[in-house]
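Under UniProt numbering, the sequence shown has 11 at position 11, and the numbering climbs by one with no breaks. Worksheet: the structure to be examined is printed underneath.
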Amino acid sequence: MLVRLARGLQTKQVARALGISVKTADHHVQNTYAKIGVSTRAAAAVFAMEHGLIDWGELPIPTTYGRS
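This is how it looks when you write it as structure tokens:
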């Protein structure tokens, strides 16, 4: 769960990947946040990197910043 979140998957995508409902996936996301002491996906990604679960190259990097 944590690795999928850190890689930038949305809750709906995590649910699909795990074969569970979006509501159940959201519950797991909130439990994951509580277990690692974070409240955002960005903080979860940092936690995952700090603990060797993912590498920098696995993080989603936006190609634009909302400006045209």
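Idealized CB from N, CA, C, for every residue including glycine. Everything numeric in this text was worked out from a predicted model, so none of it was measured.
Can you grab the Cα-Cα spacing for the pair Ala17 / Ala45, in whole Å?
-> When rounded, the distance between both Cα atoms is 18 Å.
Skipping 5 residues on each side, what residues in its chain have a beta carbon closer than 7 Å to that of Asp26?
-> The residues are Thr11.
Using DSSP with H/G/I as helix, E/B as strand and the rest coil, what is Leu53?
-> Collapsing the DSSP output to three states places Leu53 in coil.
Which residue's Cα is closest to the Cα of His20: Met1, Leu59, Ala42, Glu58?
-> A small fix is needed here, since residue 20 is Ile in this sequence, not His. That would be Met1, whose Cα lies nearest to the Cα of Ile20.
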